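Here my numbering is used: the first residue of the sequence shown is 86, the next is one more, and so on.
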Amino acid sequence: MRSLELLRQGEHVMTVCNSCRYCEQYCPVFPAMEERLTFGKADMAYLANLCHNCGECLYACQYAPPHEFGINVPKTLAEIRLQTYEDYCWPRFLGAAFRRQGLLTALSLVVSLTAIMLLARGEGTPPDFFSVVPYEVMVTLFGGVFLFVIVAMAIGVGRFRREIGIEPGGVTKALRDVLTLRHLHGSGVDCSSGEEQRSPWRRWFHHCTFYGFMLCFASTTAAAIYHHVFGLIAPYGYTSVPVVLGTIGGVGLVIGPIGLFGLRRQRDPALGGRAQDGLDESFIALLLVTSLTGLALLVLRNGALMSVLLIVHLASVLALFLTLPYGKFVHGFYRTAALLKFSSPKA
Ligand code: HEM
Ligand code: HEM
Ligand code: SF4
Ligand code: SF4
Numbered sequence: 086m087r088s089l090e091l092l093r094q095g096e097h098v099m100t101v102c103n104s105c106r107y108c109e110q111y112c113p114v115f116p117a118m119e120e121r122l123t124f125g126k127a128d129m130a131y132l133a134n135l136c137h138n139c140g141e142c143l144y145a146c147q148y149a150p151p152h153e154f155g156i157n158v159p160k161t162l163a164e165i166r167l168q169t170y171e172d173y174c175w176p177r178f179l180g181a182a183f184r185r186q187g188l189l190t191a192l193s194l195v196v197s198l199t200a201i202m203l204l205a206r207g208e209g210t211p212p213d214f215f216s217v218v219p220y221e222v223m224v225t226l227f228g229g230v231f232l233f234v235i236v237a238m239a240i241g242v243g244r245f246r247r248e249i250g251i252e253p254g255g256v257t258k259a260l261r262d263v264l265t266l267r268h269l270h271g272s273g274v275d276c277s278s279g280e281e282q283r284s285p286w287r288r289w290f291h292h293c294t295f296y297g298f299m300l301c302f303a304s305t306t307a308a309a310i311y312h313h314v315f316g317l318i319a320p321y322g323y324t325s326v327p328v329v330l331g332t333i334g335g336v337g338l339v340i341g342p343i344g345l346f347g348l349r350r351q352r353d354p355a356l357g358g359r360a361q362d363g364l365d366e367s368f369i370a371l372l373l374v375t376s377l378t379g380l381a382l383l384v385l386r387n388g389a390l391m392s393v394l395l396i397v398h399l400a401s402v403l404a405l406f407l408t409l410p411y412g413k414f415v416h417g418f419y420r421t422a423a424l425l426k427f428s429s430p431k432a
């Protein structure tokens with residue numbers, strides 16, 4: 086369904102909800118909706134990114150399909166959310182990539198990058214990582230890609246932020262909502278995965294994924310400080326800061342994605358996940374391949390497999406980084422921006 090038709094459907098759903106208001110206690114979407122009489126593009130972009138797809142309002146709705154009104158808030162907002170990623174991303178023509186992702190494309194990207202890097206690798210004497218890929222090459226390659234990713238995402242999220250307009254204030258409350266994923270479970274009960282099915286697992290697996298990723302990121306930053314500030318060359322000891330952070334983060338980043346992947350498969354398709362299957366599953370797969378290959382590298386860094394494992398790990402990281410601005414990763418920034426707007430006292 087294309088942009089205009091989607092927007093009309095969003096307008097229809099929000100207009101019915103605005104007259105009904107049965108779900109007003111469930112989550113921020115409904116109070117934010119009640120402040121509006123019309124639902125234009127900017128309003129729908131904001132509301133769609135406030136929704137956490139918990140499912141609560143679908144199961145409560147007396148106008149849900151097969152009722153002729155056909156009200157399905159989570160599905161409609163999930164589709165509009167995906168459209169916002171496409172509309173605001175930079176450069177715009179790469180927006181089409183959001184709908185082309187899938188398990189197969191993600192894994193093919195890793196395999197292709199691995200093949201290219203295997204051809205270009207050095208002799209590789211364990212445990213010397215830089216005999217496989219020289220340090221300057223690693224820094225230039227990952228530094229360059231990382232810089233592009235930061236610029237692309239900053240422009241995309243900046244466009245979205247300007248569209249919805251965020252007033253200052255309310256940062257602490259918004260951050261608390263982000264870090265606890267409070268709205269992933271409507272009205273105080275645990276997240277729903279189907280009618281009358283409640284469990285805390287989606288939230289916990291997301292926490293493992295989110296905090297695992299943050300720790301891996303902190304580990305890479307600590308390794309860069311070890312290298313540049315202290316002049317210490319990798320590999321680092323098993324009790325060093327980069328390895329401890331990376332190991333804890335890596336374990337979280339194995340448990341979280343596996344759990345989320347399993348839950349997705351059992352989730353009620355009526356909640357609208359199907360349209361985003363490719364987007365979610367390719368991201369989950371790239372996170373998992375990155376953490377698994379990182380941990381395998383840590384365990385086997387003194388053996389003959391070091392060189393191949395390092396290449397596969399670096400290829401996975403590269404595939405993950407390259408797809409960040411055009412994949413599921415952007416949801417974190419869009420949702421944080423929407424929650425900041427919601428929490429602002431003047432909103
Ligand atoms: C600039 C990008 C990156 C480079 C150059 C890089 C390189 C490395 C290297 C050389 C190791 C082996 C460390 C050792 O055996 O002591 C490693 C381990 C690991 N990497 Fe990466 N990595 C990068 C990004 C990432 C990212 C983004 C993730 C996760 C999302 C990740 C997850 C891991 C994990 C879990 C380990 C094993 C634990 C550890 O050794 O700390 N890496 N990485
Ligand atoms: C920064 C704040 C973040 C917020 C507020 C947030 C919130 C959410 C919410 C509400 C969902 C469920 C709805 C949906 O699928 O869109 C979700 C899904 C997901 N998030 Fe996040 N997220 C954040 C950051 C991250 C980060 C940094 C990662 C990983 C590095 C991540 C990984 C995922 C994955 C893999 C899914 C799909 C899970 C599923 O299939 O249900 N999120 N996130
Ligand atoms: S989702 Fe249904 S029950 Fe809830 S406010 Fe909208 S119309 Fe009413
Ligand atoms: S699915 Fe959950 S978060 Fe989304 S609008 Fe309904 S109650 Fe709110």
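Note that CB positions come from ideal geometry on N, CA and C, so glycine has one too. Small disclaimer: the values here were computed from a predicted structure and weren't measured.
What whole-angstrom Cβ distance do Ala-145 and Tyr-107 have, given they're in contact under 8 Å? 7 Å
Among the residues of its own chain, which have a CB less than 8 Å from the CB of Ala-163, if the five just before and after it don't count? Ala-133, Cys-136, Asn-138, Leu-356, Gly-357, Gly-358, Ala-360, Gln-361
Do the CB positions of Tyr-131 and Ala-423 come within less than 8 Å of each other? yes
Can you grab the Cα-Cα spacing for the pair Asp-262 / Val-230, in whole Å? 31 Å
For Gln-282, which option in Cys-293, His-270, Met-202 has the closest C-alpha, if you only look at C-alpha atoms? His-270
Spatial neighbours of Pro-219 within its chain, please: C-beta separation below 6 Å, excluding the five flanking residues on both sides. none
Closer than 7 Å to a non-hydrogen atom of ligand 1 - does that hold for the CB of Leu-399? yes
Whose C-beta lies closer than 7 Å to the C-beta of Val-374 among residues of the same chain, with five residues either side of it excluded? If we look at Val-374 and ignore the five residues flanking it on each side, its Cβ neighbours are Val-195, Ser-401.
Cβ distance (whole Å) where Ile-396 is taken to contact Val-217 below 8 Å: That belief holds up - the Cβ atoms of Ile-396 and Val-217 are roughly 7 Å apart, short of 8 Å.
Excluding the five sequence neighbours on either side, which residues of its own chain have a C-beta within less than 7 Å of the C-beta of Leu-154, listed in chain order? A small fix is needed here, since residue 154 is Phe in this sequence, not Leu. The answer, listed in chain order, is Val-101, Tyr-148.
Report the start-end ranges of each beta strand (DSSP E) in the segment 358-421 that is 3 residues or longer and not cut off at the edges. As far as the segment 358-421 is concerned, it has no whole beta strand (DSSP E) run of at least 3 residues.
According to DSSP, simplified to helix, strand and coil, what is Arg-184? helix
From what residue to what residue does the alpha helix (DSSP H) around Arg-349 run? Per DSSP, the unbroken alpha helix (DSSP H) holding Arg-349 starts and ends at 326-351.
To the nearest angstrom, how far is the alpha carbon of Val-256 from that of Ala-389? Rounded to the nearest angstrom, the two C-alpha atoms are 50 Å apart.
Determine the direct distance from the alpha carbon of Ala-370 to that of Gly-95, and round the result to whole angstroms. Whole-angstrom Cα-Cα distance: 31 Å.
Are Arg-244 and Pro-320 closer than 8 Å when you measure CB to CB? no
Between Gly-180 and the rest of its own chain, which residues show a CB-CB distance below 6 Å, the 5 nearest in sequence each way excluded? Glu-171, Cys-174
Any Cβ of chain B within less than 8 Å of the Cβ of Pro-176? Among the chains of the structure shown, chain B does not appear; only one protein chain is present.
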